[in-house]
Each structure stands twice: as structure tokens, then as C-alpha cells.
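Comments concern the structure below.
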Amino acid sequence: MKRIYLDHAATTPAHPEVVKAMLPYFTGAFGNPSSIYSYGQETKVAVEKARAKVAEFIGAKSDEVIFTGGGTEADNFALKGVALANERKGNHLITTSIEHHAVLETCKFLEKQGGFKITYLPVDGYGLVDPQEVKKAITNKTILVSVMHANNEIGTIQPIEEISKYVKEAGILFHTDAVQSVGHIPVNVDELGVDLLSISAHKLYGPKGVGALYIRKGTRIFPFMHGGEQERGRRAGTENVPGIVGLSKAIELARQEMDEEAKWLVCLRDRLIQGLLENIDHVHVNGHPFWRLPNNVNVSVDFVEGESMLLNLDLENICASTGSACSSSSLEPSHVLRALGLPPEQAHGSLRFTLGRENTADEIDLVIEVLSRIVTRLRAMSPLLKIRG
Amino acid sequence: MRGGPTQYSEKVMEHFKNPRNVGEIENPDGVGQVGNPVCGDIMELYIRVKDGIITEAKFKTFGCGAAIATSSMVTEMVKGKSIEEALKISNRAVAEALGGLPPVKMHCSVLAEEALQSALEDYLNKSKGELPSEKVKSK
Ligand code: FES
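Chains A and B supply the protein sequences, listed in that same order. The numbers in numbering that gives the first Met the number 0 rise by one with no breaks, and the one at position 11 of the first sequence is 10. The numbers in numbering that gives the first Met the number 0 rise by one with no breaks, and the one at position 12 of the second sequence is 11.
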């Protein structure tokens, strides 16, 4: 049975072209970019070409892009680097309650170890941050605002441009975690009005373990890794040359295919949402009806639990994910679904399908059919159905 | 957000795929309904008792794979047991019968034990003061 992979927000398979572009840099062109001989120079050129490509794609200058070991590192770098470098100006950061753990846990660390104060802004029932709330939260001690571009669980796209107006007005630095959006919807640092932006390669058909942080020229930020002079002294350590080349290849492909792909994914996404709503009763869509990533479907199925649905889907070779407490090692339901104000049972019955370039309409139809069957079976076992009548 | 957990034993998966004794018993001799304080799940267990022996057990569960498998297993284990024997069934015994559970899922087997205990208590309360033989006569 062919696997149906619907978990692209977790990770994507590397595009064959990406792998092909990376291969020479493992063996033939393996030199250290810091070396003087031509072996090294060759890879140095490759890294700089990659930097230019990534920068251009997001409307930045080459020297504003720093390669990192992934999206989580980019988030850590942005938050810790800015907080510590601007401590004298103030100790207050603003973020939202639905950020990725890479941002939330870094904030908690800064609170605990650095004495920073963090405001976690709420979101509305669709997962949207109110720009007015950002404005109200700003104090004369605020040094950084961090709001994700698109949410990884529910796909809600935030009004970054609007938020930016208030942040800029107050002369504060603005970071956005764009790990889920780069390569999937247009991202331009000037249009968004951000000073820092995190990118991860493996969310856009690139390799794992590599990403980038955009840092607007003139931004006060401390280096993330101390050591050699790589990445203009901001991120020491021998460059992950194959990874960096892979990231830039993935970006090059996204540049060519993104618009077409997004259109196709919106079709599939809406087909799946419609199909689930029509074929299974008591299903709710989580997230925003149109401020939503092209590939994100997040639903709550009443009276059944997410992990048991996932297990059943897995038995039919379908990969998805859930925000249910039962499937997390902390046994807490998803913080994002809780922030939407969902009752616990609905977080429990949540399922996320994130589509990708290789999915087909037939696959979507099969998933709808299989899931209806699974839900019927599990509901027959559920004590909730009777309690609710 | 997490993908499908495949950390379960074959036995767990077997009971998860083909759960035994799903459903309710009409006019049960004992029924227990318990909620899982850890993750918020719910389990119901029904028993039919004849001459002090559990002749039938059924369950309904809203919960994870481990919760479904342990419910299924516990209903299998109690059948044919006396009340005294059934009272001694522990969550560990249920987990062991399933070839073990991942540590993070042990609390689901506690739910199964509690559901059983509460069904047995319900039975004992209902039949208080009645000897099994009298109960049979009164029916
Ligand atoms: S019932 Fe929630 S983790 Fe098992």
C-alpha cells in the first residue's frame, strides 16, 4: 500500500534536484570555505552564491543573511541575540501565545535566566493576533516583538505588515518566525516590515539541519556561536556547505514553482476540508477560513480522540498529526488549540493534515473515505456520544 | 503536534485493532465511569454478575490507543472471575498482559483498573446485604 504523506508541516522530503545539487559538496568539493587553496575557495563561492539567492528571494541584501543549523536555531539566535545586546535599553519582549516552542521556550529561558519580562499576547478564535493588542502591550522598556508569520498547527497567517507599523512607530525591533511560510507564500522582509526573520530548509523540500536568519543591517544583536570568523563572526563553526547549497536550491525551486503549487494546494486543501465536513458529522475546522496556509487542514472531530485516529490512519499508511494531549509526552493538549479557546475535548479530537507538492486528488478522496470509516468505528466505542445525546 | 505513535507492542496493537467487548450492557449489575485526570479521557465499564462470578464485561472508551487496548484487555481478564479475584486485578497486570506499555502510557492502564474497581464497587453497593443466593432468588 502506498504511503500517503500529509504531514509536510512537520517535514518535507528533499526535492531530488536539491539532493543532486548537494551531492558534489560531500566528496569532490569538500574543502573548508575558510581555507586559502582553491578547494576551499570553491566552497566559499558556493556558500556566497547560496547566500545571494536566499537573500534575493526574501528581498534582502546578501550580508543580511546568516546561515544557521535550522529554524529553531534561527529563533534562538534572534531572541537571545537581540535581548542580550539591547538589555540596557529595556527588558521587555512581546510575543504571542501560539508561537512555536522554539520561540516560547527561548522566551521562558530569558524570563528565568535573564530577568526579562515577556508579554504573551492572546489570539482570537481563528488564531489571529490583534495589531492593536501589540500596540497596547508596547512599553518604553520593550526591545523586541516576535510574532510568527504563519502558524505550524492551524496555518493562520498573521497581519505582520499591520503589526509592523506599530512596532516601527515605537522604534522597536521586529522578528518573525517564517519557518512555515517561506517557499509557500510570498515573503519579503521590506513588505512585511521585519528586522529579523527565521527560515528552515526542511520545510520547503530542502535538507534538515540547516536554516537562516535574516538580520536587517544595523540591528544590534550578539553572535550566536562564538569561535571562528564564519558568517561574519555571528555564527562561528565550519559552514554546512552541502546543507547551505541544498537550502538555496530549495529556494530556487520554490521561486519557480511556488505560485502554481500554492494554487494546486489550495484546491486540494479545500477539497479535503469540504469532504470531511460533508462526510463526517460533528467536524469543526480550526484556524482561519482564508488567512490560512495553502497546505493546512486542521479539524476537530467530536467524541473521538486524536491519537487513536492517528494510529488507525497509520495502519492504513496515512501520515498526519494531532494536538491531542494523549499524543504529547507532556500529556498537555496543544497550546495553540488552547489559545483559540477550544474546549479540551475538541483539542483532543484534533487532526492536522498538511499537504505537499506530491499529493493528489485521489489521495485526498481516499483519506476522506478512510477517516469517515475510522471515526464511525471509534465513535461506536465512545462514551461521549451517549452522554451528549 | 505529533505523528502516529508506533511505540506500542504487537499485543496492544492487536487489541487496538480488534477491541473485545465494546459496548454497553443493559441493566448491568455494576457500572463504573471514570475520567483520566492526566489527559482528560473517559472510560466506562459494565459488568454482569451471576452467583458471584462475572459472566460478562463491556466497555466504552474515549481515549488513546493504550486506553482502548487496556479497556479491551481488562474486560477479557475479568470474565469468569469472582468479585474477590477481580478486585485484585491491578493496572500492572493489565499492562503486562498486553506485553507492556510505554512509560508515558501507564496512566491509561490506571484508568482501566479504576473503571473496573468502580464497576465492582457499584455492584457491591447495589447488592449490599444480599447474599448471592438471595439475589438470584429475587430476580
Ligand atoms: S487516554 Fe490519554 S494518553 Fe491514554
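We put the CB at the ideal spot given by N, CA and C, even for glycine. Being a predicted model, the structure only gives us computed values, none of them experimental.
Practice item. Report buried or exposed for L383/A, applying the criterion of at least 16 other Cβ atoms within 10 angstroms of its Cβ. Key: Translated into positions along the first sequence, residue 383/A becomes position 384. It counts as buried.
Check your understanding: Given K140/A, which residues of its chain have a CB within under 7 Å of its CB, disregarding the five upstream and five downstream residues?
Key -> For the purposes of this step, residue 140/A is taken as residue 141 along the first sequence, with counting starting at 1. Contacts found: G89, N90, H91.
Review point. How about G86/B: is its Cβ closer than 7 Å to a heavy atom in the ligand FES?
Key: Translated into the one-based positions of the second sequence, residue 86/B becomes position 87. The residue you asked about is not Gly; residue 86/B is Leu in the sequence shown. Not under cutoff, so the answer is no.
Review point. Is the region 205-222 of chain A touching the region 68-79 of chain A, taking contact as three or more C-beta pairs under 8 Å?
Key: yes
Check your understanding: By Cβ distance, which residues of its chain are closer than 8 Å to K116/A, with the 5 residues on each side in sequence left out?
Key -> As a working note, residue 116/A is residue 117 in the first sequence. Correct list, in chain order: N90, H91, L92, E110, K140.
**Study point:** the region 363-376 of chain A / the region 13-26 of chain A touching (three or more Cβ pairs under 8 Å)
**Key:** No contact exists between the region 363-376 of chain A and the region 13-26 of chain A.
Practice item. Note down, in chain order, every chain A residue with its Cβ under 8 Å from the Cβ of T140/B. Key: Because chain B here runs from 0 to 138, residue 140/B falls outside it and cannot be looked at.
Review point. Taking the alpha-carbon positions, what's the I214/A to E132/A distance?
Key: Counting from 1 along the first sequence, the entry for residue 214/A is found at position 215. Counting from 1 along the first sequence, the entry for residue 132/A is found at position 133. Distance between the alpha carbons of I214/A and E132/A: 25 Å.
Check your understanding: Taking 8 Å as the CB-CB limit, is S299/A close to chain B?
Key -> The residue you call residue 299/A lines up with position 300 of the first sequence. No, its Cβ sits nowhere closer than 8 Å to a Cβ of chain B.
Check your understanding: Based on the DSSP secondary-structure assignment, which residues constitute the bridge partners of M42/B?
Key -> The residue given as residue 42/B occupies position 43 in the second sequence. In the DSSP output, where bridge partners are listed per residue, M42/B has V33/B, T60/B.
Review point. Taking buried to mean at least 16 other C-beta atoms within 10 Å of its own C-beta, is P288/A buried or exposed?
Key: Here residue 288/A refers to the residue found at position 289 when the first sequence is read from its first residue. Classification of P288/A: exposed, given that the 10 Å Cβ count is below 16.
Review point. Which partner residues of E190/A appear in the DSSP bridge assignment?
Key: Walking along the first sequence from the start, residue 190/A turns up at place 191. Partner(s): none; E190/A has no beta bridge.
Review point. Nearest-angstrom Cα distance between K202/A and I272/A?
Key: Here residue 202/A refers to the residue found at position 203 when the first sequence is read from its first residue. Here residue 272/A refers to the residue found at position 273 when the first sequence is read from its first residue. Cα-Cα distance, rounded: 22 Å.
Practice item. At 7 Å on the CB atoms, spell out the chain B contacts of H347/A, in chain order. Key: Residue mapping note: residue 347/A aligns to position 348 of the first sequence, counting from 1. Within chain B, the residues near H347/A are G39.
Practice item. Would you tell me roughly how many angstroms separate the C-alpha atoms of D194/A and L172/A, rounded to the nearest one? Key: For the purposes of this step, residue 194/A is taken as the residue at position 195 of the first sequence. For the purposes of this step, residue 172/A is taken as the residue at position 173 of the first sequence. Each residue's alpha carbon lies about 6 Å from the other.
Review point. Nearest-angstrom Cα distance between Y45/B and L330/A?
Key: Translated into positions along the second sequence, residue 45/B becomes position 46. Translated into positions along the first sequence, residue 330/A becomes position 331. Their Cα atoms are separated by approximately 27 Å.
Check your understanding: Can you tell me whether DSSP reads V146/A as helix, strand or coil?
Key -> Walking along the first sequence from the start, residue 146/A turns up at place 147. Three-state DSSP puts V146/A in coil, outside helix and strand.
**Study point:** Contact set between P18/B and chain A, taken where Cβ atoms lie within less than 8 Å
**Key:** Residue 18/B sits at position 19 when you count from the first residue of the second sequence. Ordered by position in chain A, the residues that pass the 8 Å Cβ test against P18/B are M380.
Check your understanding: Residue ranges of each beta strand (DSSP E) run of no fewer than 3 residues wholly in the region 275-362 of chain A, ordered along the chain?
Key -> For the region 275-362 of chain A, the continuous beta strand (DSSP E) assignments of 3+ residues that do not extend past its boundaries occur at 282-284, 295-300, 349-353, in sequence order.
Point to revise | Pick from L350/A, S326/A, W263/A that is closest to S371/A, judged by C-alpha positions | key: Position 372 of the first sequence, counted from the start, is the residue given in the question as residue 371/A. Minimum Cα distance to S371/A is reached at L350/A.
Review point. What span of residues does the beta strand (DSSP E) with D197/A cover, start to end?
Key: Within the first sequence, numbered from 1, the residue matching residue 197/A stands at position 198. Just to set this straight, residue 197/A is Ser in the shown sequence, not Asp. Taken as a continuous stretch (DSSP letters only), the beta strand (DSSP E) holding S197/A covers 195-199.
Check your understanding: The beta strand (DSSP E) spanning A211/A covers which residue range?
Key -> As a working note, residue 211/A is residue 212 in the first sequence. Per DSSP, A211/A belongs to the beta strand (DSSP E) from 210-214.
Check your understanding: Under 7 Å Cβ-Cβ, which residues of chain B neighbour A324/A?
Key -> Your numbering for residue 324/A matches position 325 in the first sequence. Within 7 Å Cβ-Cβ: C38, G39.
Practice item. Return helix, strand or coil for I373/A, following the three-state DSSP convention. Key: In the first sequence, the residue the question calls residue 373/A occupies position 374. Of the three classes helix, strand and coil, the one that applies to I373/A here is helix, per DSSP.
Review point. Bridge partners of L92/A, per DSSP?
Key: What you label residue 92/A is simply residue 93 of the first sequence in a count that begins at 1. Partner(s): I117/A, L143/A.
Review point. When we look at the beta-carbon of K59/B and count the other beta-carbons within 10 Å, is it buried (16 or more) or exposed?
Key: As a working note, residue 59/B is residue 60 in the second sequence. K59/B is buried by the Cβ-count criterion.
Check your understanding: Using the C-alpha atoms, what's the distance from G192/A back to R1/B?
Key -> Translated into the one-based positions of the second sequence, residue 1/B becomes position 2. Translated into the one-based positions of the first sequence, residue 192/A becomes position 193. Bear in mind that a pLDDT of 45 at R1/B, under 50, signals an unreliable position, so the number given afterwards is only what the model happens to contain. Whole-angstrom Cα-Cα distance: 32 Å.
Review point. In chain B, what lies closer than 8 Å to S328/A by C-beta?
Key: Position 329 of the first sequence, counting from 1, holds the residue named residue 328/A. By Cβ distance, chain B contributes V103.
Exercise for review: Please work out which residues of its chain come closer than 6 Å, Cβ to Cβ, to R2/A, disregarding the five sequence neighbours upstream and downstream, and give them in chain order.
Suggested key: For the purposes of this step, residue 2/A is taken as residue 3 along the first sequence, with counting starting at 1. So the qualifying residues of the chain are N316.
**Study point:** Interface residues of chain A facing I52/B [CB-CB closer than 8 Å]
**Key:** Numbered from 1 along the second sequence, position 53 holds the residue referred to as residue 52/B. Per Cβ cutoff of 8 Å: no residues; I52/B is ~26 Å from chain A at best.
Exercise for review: With 8 Å as the threshold, decide whether the Cβ of L103/A is near any Cβ in chain B.
Suggested key: One-based indexing of the first sequence puts residue 103/A at position 104. No, L103/A does not count as interfacial toward chain B.
Review point. Closest to G348/A by CA distance: which of C106/A, S333/A, L354/A is it?
Key: Looking up residue 348/A in the first sequence gives position 349. Of the candidates C106/A, S333/A, L354/A, the one whose C-alpha sits nearest the C-alpha of G348/A is S333/A.
Practice item. Rounded to whole angstroms, what's the CA-CA distance from G30/A to V244/A? Just pull it up for me. Key: By 1-based counting over the first sequence, the position of residue 30/A is 31. By 1-based counting over the first sequence, the position of residue 244/A is 245. If I take the Cα positions, the gap works out to 14 Å.
Check your understanding: In angstroms, rounded to a whole number, what distance separates the CA positions of Y4/A and Y7/B?
Key -> Indexing the first sequence from 1 puts residue 4/A at position 5. Indexing the second sequence from 1 puts residue 7/B at position 8. The straight-line gap from Cα to Cα measures roughly 21 Å.
**Study point:** Neighbour flag for I67/B against chain A, beta carbons, 8 Å
**Key:** Along the second sequence, one-based indexing puts residue 67/B at 68. Closer than 8 Å to some Cβ of chain A, the Cβ of I67/B qualifies, so yes.
Exercise for review: Determine, using beta carbons only, whether V93/B comes closer than 8 Å to chain A.
Suggested key: Mapped onto the second sequence, residue 93/B falls at position 94. By this cut-off, V93/B is not an interface position.
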